[in-house]
Each structure stands twice: as structure tokens, then as C-alpha cells.
Amino acid sequence: MVRRVAIIGAGASGLASIKCCLDEGLEPTCFERSEDIGGLWRFADNADSGRVSVYRSVITNTSKEMSSFSDFPCPEDFPNFLPHGLLLEYFRMYARHFQLLQHIRFKTTVLSVRKRPDFATSGQWEVVTETEGVQESHVFDAVMVCTGHYQVPHLPLASFPGIETHFKGRYLHSQQYKDAEAFRGKRVLVVGIGNTGGDIAVELSHVAAKVFLSARSNTWVYSRVSDHGFPFDMVSTTRFNHFLEWLLPSAITRRIKFRRFNSWFNHEIYGLASVKSSNFHVIINEELPFCMLSGTVVLKPNVKEFTKTSAVFEDGTTEENIDVVLFATGYIFSFPFLEESVRSPLKNNRSLYKCIFPPQLERPTLAIMGLVQLTGSVMAGAEIQARWVTGIFAGAYKLPPASRMMADVLKKQPPVKRNPSEPENLKMSFINYTSDIASCAGVKPSVLWLLLTDPRLAMAVFFGPCTPYQYRLVGRGRWSGARAAILTQWQRALKPLRTRVVEDGASPCSWSWLGLLALPAMLVVGFLLSKSPRPGWVPRGLSLF
506 MVRRVAIIGA GASGLASIKC CLDEGLEPTC FERSEDIGGL WRFADNADSG RVSVYRSVIT
566 NTSKEMSSFS DFPCPEDFPN FLPHGLLLEY FRMYARHFQL LQHIRFKTTV LSVRKRPDFA
626 TSGQWEVVTE TEGVQESHVF DAVMVCTGHY QVPHLPLASF PGIETHFKGR YLHSQQYKDA
686 EAFRGKRVLV VGIGNTGGDI AVELSHVAAK VFLSARSNTW VYSRVSDHGF PFDMVSTTRF
746 NHFLEWLLPS AITRRIKFRR FNSWFNHEIY GLASVKSSNF HVIINEELPF CMLSGTVVLK
806 PNVKEFTKTS AVFEDGTTEE NIDVVLFATG YIFSFPFLEE SVRSPLKNNR SLYKCIFPPQ
866 LERPTLAIMG LVQLTGSVMA GAEIQARWVT GIFAGAYKLP PASRMMADVL KKQPPVKRNP
926 SEPENLKMSF INYTSDIASC AGVKPSVLWL LLTDPRLAMA VFFGPCTPYQ YRLVGRGRWS
986 GARAAILTQW QRALKPLRTR VVEDGASPCS WSWLGLLALP AMLVVGFLLS KSPRPGWVPR
1046 GLSLF
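One gets my numbering by counting positions in the sequence shown from 1 and adding 505 to each.
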């Protein structure tokens, strides 16, 4: 039986894991190699510290309500999108409130995690740590790895001929970027148009002589500010929208998405993406279109090669006098402390059952936490993972047989990539994934049951944002404040904007008009599901029954 649990890393996933262990009556010990909590989100000026951290100006891409821990709402006076300093303060508040710090051993590095000789029967692990040069060996009943996927910078220099042999300027990975001042007056090429690449290109455009942004793939740019000025994820990430996506043919849903993206600006004109794009990704950036419109950021195709001072692109164009090349090319996850027999099968997160458990182990006492990129908050995803995992450790839930887990893993393996040097795309649907894990943990809400017992709450759950509080309404770990948190989520979202009072009008976020539609809408949904061509199947994020 599991009692003592080792947790590696005191970032968002690690803190949630400590708290969930305590909720289940387990004894967690968290090992954090630095001197404080926060992980990636604790800003460090020194890029050479060996610890990956955010850059100075970073702001979250998911809103506070969608990213909160499920039983600890973010303060109402905090802005909807948090600078790293405020997010770290929220983590500190969470750790103090649930008394988590006493379970963390700071300045302690995990050197190795190995199976005990009797692992097949005991499931125990030997964990070797080092604190101020002193090594220590421990025995734990289970291990939760909370180091995330921002670990080793992915720097594909071999894909850019000349960068190492001919180019005379400076090149670096975005991990080393902290602020724009060092690039003042320079001509900078940013390679990679993910969220980080877009953010850095925009910030550099304020001080650099010229910024070029090289994009390999088609990219749709979305704003944090959505309809009527609300946080975009609170408007778009709803069970109702998720149901419509499941109901409508994929061609129609793609057309709707592309039309929504182009309602802000025409992406084809800007050379970003076309409605005919079959392979694309989405980034969050409010300023990039204006920077391109003003010429301070120039979009370029993929780099073909580098010369001494220039970059040659695949369309035959050349940009001369490049001073700095900044690679925003992502990260590769790595677990050097795990023994080879455990580490070698971990090619990507799809090698894990539910993106958490290595299915080949004789005993399910190792969990890889937070190794997912979701279309919503990873923090919320990591917390629901931690609730399920600690429930399994405590004996409340059981995993299926190893053969079924292996079959599930093989079925969900991604197709072979055309370019093996590219890092794996781990992105998954937020509602699909969190609802799947919540179902495993028995905490997924039933919308139809809520409609019968609490119509007001049912409307908020189905038509409103799919906030983490929904997974505290029922089941193990049920929180008495979940209903109130859901019904007041819009108040907390709007509170930081109420800094100047204007004449009252109809509240744009009022859901009262939905009262006339809720019952017939729910009945229609139930009817459509009963007539589904896939009998007995319900979209995972809907959770009607």
C-alpha cells in the first residue's frame, strides 16, 4: 500500500500534487532543486542559472478563472491575465493556505530514481538526492515527477546550414532571453512563430533596428480579448461550444473557426495562414498584427541557410546584416534521473497511459505529471491529474490491466513525423482531456442531473466557461464552495475592470436570458444524443449523465 510519496519539483504541478497527497492521507516529500517554489514561473535574471524560467515581460495566455486551482479561486482584484509576479504570488497564497511548504525540501536535487529489487511486489522506488554536496538515499512507495516539459532547449542547428560554420553573428535559444535591452539597435531574426516567438518578436520591435520572424507552418493569431472585451477562454471554452463541435461535421467547424480568426484580420493577406490550411497552429498575441502592419516585424518563410552576415530563406529572398538569430524552437522533455528501463520508452506523452502512467511497469507507482499541452490551462490539467493519481495511490481508484493500457497507448500514438528533428506537439483539447481524467476519478459533473436539481448551476456549467471548479461539485474531493465559485466567476473576472464607474446598463455577461432557453436546449441535446449514430457514446467533455 502506498504511504510515502516523492514529488520532484515545486512548480504548479508539484504544489497541486503535495496538496492532493495530503487530501488522500498520504505523506508527501517534495524535492526542489532551487531555493523557492514556482518552477518555470519564478523569474530569474540570470539566464545561465541552469533553471528554465519565463522572460521578464511574460503574461499568462489563459485567464485567472480558467487557470485557478479548483478549490482556491484567484483573488478577485487580480487582473484576468497575470504577469509572472502575480502568478507566483498566487502560488505562494495557495502554498500558505494549505500549509504545503513544510513538505518541501529546497536546494535538493534528485540524482536518480530506481526500482527497488522487490519492485514487482512492493512497487517501491529508491530515490537518491543531493543537498549542498551531501547525498542521501530514500525509499518511497510512489513517485510523482512534476518537472514539466520545459526542460531541455530544442536547438535544431543541423536544420539550418551555415549557422555554426559561416554565420558571424550571435545565436541563442529563447531560454536565454530575459528582456529586449541587449538587442537595442540590432537586426534580429526570430526563428519560430509559437507563443514565445511571437511575444519576443513584438517586444524586440520596440528597441531593435529591425525584427524578422521566420515561420515554418501556418499560424492563426488570436487575441486574449474576445467578444465584448471578455477573456477569450472564458467565452470560447464552454461545454456548449464543445458539444457543437462534436455535433457538426468537422469541415463546418473548421470553417467557423477560420471565419472567427479572420474576423479580426485577414490572415492570408498577412502571409500567416489560409482557410485552405490543413496543418496549422494557433498562438495568442494582440500586438503582432499591428507590428506587421507598421513594418517593425517582417514575416519570413523558413530559413534555407545562413551566410556570414545574412539569412537566405526558402522563397529565395535574403536578409542582409543580421546581428542576432534567436531560436524560439521549443523544448524537449527529459528525465535523466529515471533509470534507463523506465526512461527509454518515454518518446512522447502519448507513450503514457492517459499521458501520465508508464504502462509497462509492473506496479503503477510512477506518475509523470503535467506533460501535456492543452488548448486551455495546463495548471488546471495538472491538478485534475494529481487528484486522480493520488486517488489511485490511496486505493480509491484502480487502473485497468497492463494489456488494456498498452492497447490504449498504441491506439493513441501520433503519426510518424516527416521531420523527426521537430519537437513533439503535445497539444490536446482542454475539455476532452480534463473531462476524461475527471471521469476516471468520478468527479465529472452531470449536466442533466444539475438541470433537474439546480437549473441555475446547470446553465452556468453548460453555457458558461468550463472552469476547474466544475470538477469539485461531485465525487471524491467535493468542495462545498464550488457552486458559489462557479456562480460568481464572472464577478471576479469583471472586478479588476471596475476602476471607473460609468452609468449602469444591462450587464453584457448576464446569463439571465438563457433561462428561457436552458430547458429546451438541454432537451434538444438529450434528444440528439439519444438519436446519435454512435449509440451509447457521449462526447467526453459534455458529461450529460
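For glycine and all other residues, C-beta sits at the position ideal for the given N, C-alpha and C.
Identify which residue in the options has its Cα closest to the Cα of residue i.
{"i": "S670", "options": "S944, E810 and V740", "result": "A small fix is needed here, since residue 670 is Thr in this sequence, not Ser. Among S944, E810 and V740, the Cα nearest to that of T670 belongs to E810."}
{"i": "R981", "options": "E819, A901, D959 and L953", "result": "A901"}
{"i": "Y599", "options": "E1008, P919 and E888", "result": "E888"}
{"i": "T742", "options": "S940, T534, S944 and A713", "result": "S940"}
{"i": "T652", "options": "K852, T758, R538 and S679", "result": "R538"}
{"i": "R689", "options": "S679, V712 and T534", "result": "V712"}
{"i": "F735", "options": "T958, M649, L605 and Q996", "result": "Q996"}
{"i": "K781", "options": "F795, S944 and N723", "result": "N723"}
{"i": "V648", "options": "R988, T958, N853 and V847", "result": "V847"}
{"i": "S627", "options": "C579, M506 and A511", "result": "M506"}
{"i": "H772", "options": "L753, I757, F795 and A816", "result": "F795"}
{"i": "Q629", "options": "V639, H643 and G638", "result": "H643"}
{"i": "S575", "options": "E1008, V1006 and G986", "result": "G986"}
{"i": "I698", "options": "E844, E819, C579 and L793", "result": "L793"}
{"i": "L798", "options": "S882, I789 and F770", "result": "F770"}
Residue i bridges to which residues according to DSSP?
{"i": "M933", "result": "L879"}
{"i": "T701", "result": "For T701, which the question treats as bridged, DSSP gives no partner whatsoever."}
{"i": "C535", "result": "I512 and I609"}
{"i": "K620", "result": "W630"}
{"i": "P841", "result": "In DSSP, P841 forms no bridge with anything."}
{"i": "A647", "result": "V510"}
{"i": "N723", "result": "F785"}
{"i": "T614", "result": "E635"}
{"i": "R675", "result": "V829"}
{"i": "K715", "result": "R692"}
{"i": "Q640", "result": "E635"}
{"i": "A872", "result": "M649"}
Short of 7 Å in beta carbon distance, which residues of its chain neighbour residue i, apart from the five on each side in sequence? Order them along the chain.
{"i": "R764", "result": "none"}
{"i": "G776", "result": "L804"}
{"i": "V979", "result": "V948 and P950"}
{"i": "C971", "result": "T742, T743, R744 and I936"}
{"i": "H786", "result": "S722 and T724"}
Less than 8 Å between the beta carbons of residue i and residue j, yes or no?
{"i": "L531", "j": "F898", "result": "yes"}
{"i": "V914", "j": "S856", "result": "yes"}
{"i": "A685", "j": "V695", "result": "no"}
{"i": "A946", "j": "W984", "result": "no"}
{"i": "S504", "j": "E791", "result": "Because the chain spans 506 through 1050 in this model, residue 504 falls outside it and cannot be assessed."}
{"i": "T567", "j": "D738", "result": "yes"}
{"i": "M874", "j": "Q890", "result": "yes"}
{"i": "I991", "j": "Y974", "result": "yes"}
{"i": "E824", "j": "F717", "result": "yes"}
{"i": "V657", "j": "Y836", "result": "yes"}
{"i": "Y938", "j": "V830", "result": "no"}
{"i": "E631", "j": "R619", "result": "yes"}
{"i": "N807", "j": "S908", "result": "no"}
{"i": "K932", "j": "Q994", "result": "no"}
Using C-beta distances below 8 Å, list every residue in its chain close to residue i, excluding the 5 sequence neighbours before and after it, in chain order.
{"i": "F583", "result": "K569, L591, Y595 and P1001"}
{"i": "P850", "result": "S856, P863 and Q865"}
{"i": "E529", "result": "T895, G896, F898, A899 and A901"}
Identify, in the order they occur along the chain, each residue of the same chain with its Cβ nearer than 6 Å to the Cβ of residue i, setting aside the five sequence neighbours on each side.
{"i": "F536", "result": "I513, R610, T613, V615 and T634"}
{"i": "K917", "result": "R855"}
{"i": "Y560", "result": "Y682 and K683"}
{"i": "P666", "result": "E810"}
{"i": "V904", "result": "The sequence given here places Leu at residue 904; Val does not occur at that position. Cβ within range, chain order: P869."}
{"i": "P533", "result": "V510, I512, I523, C526 and H608"}
{"i": "R692", "result": "A714, K715, N826, I827 and D828"}
message: Restricting to runs no shorter than 4 residues, where is the alpha helix (DSSP H) found entirely within the segment 786-837?
response: DSSP runs (the alpha helix (DSSP H)) wholly in the segment 786-837: 793-799.
- request: Only counting runs of 4 or more residues, tell me where the alpha helix (DSSP H) segments fall wholly within the segment 952-1000, in order along the chain.
  value: With a minimum length of 4 residues, the continuous alpha helix (DSSP H) runs that stay inside the segment 952-1000 are 952-958, 960-968, 987-992 and 994-999.
message: Which runs of the alpha helix (DSSP H) at least 4 residues long sit entirely within the segment 565-604? Give them in chain order.
response: The qualifying runs are 569-572 and 589-602.
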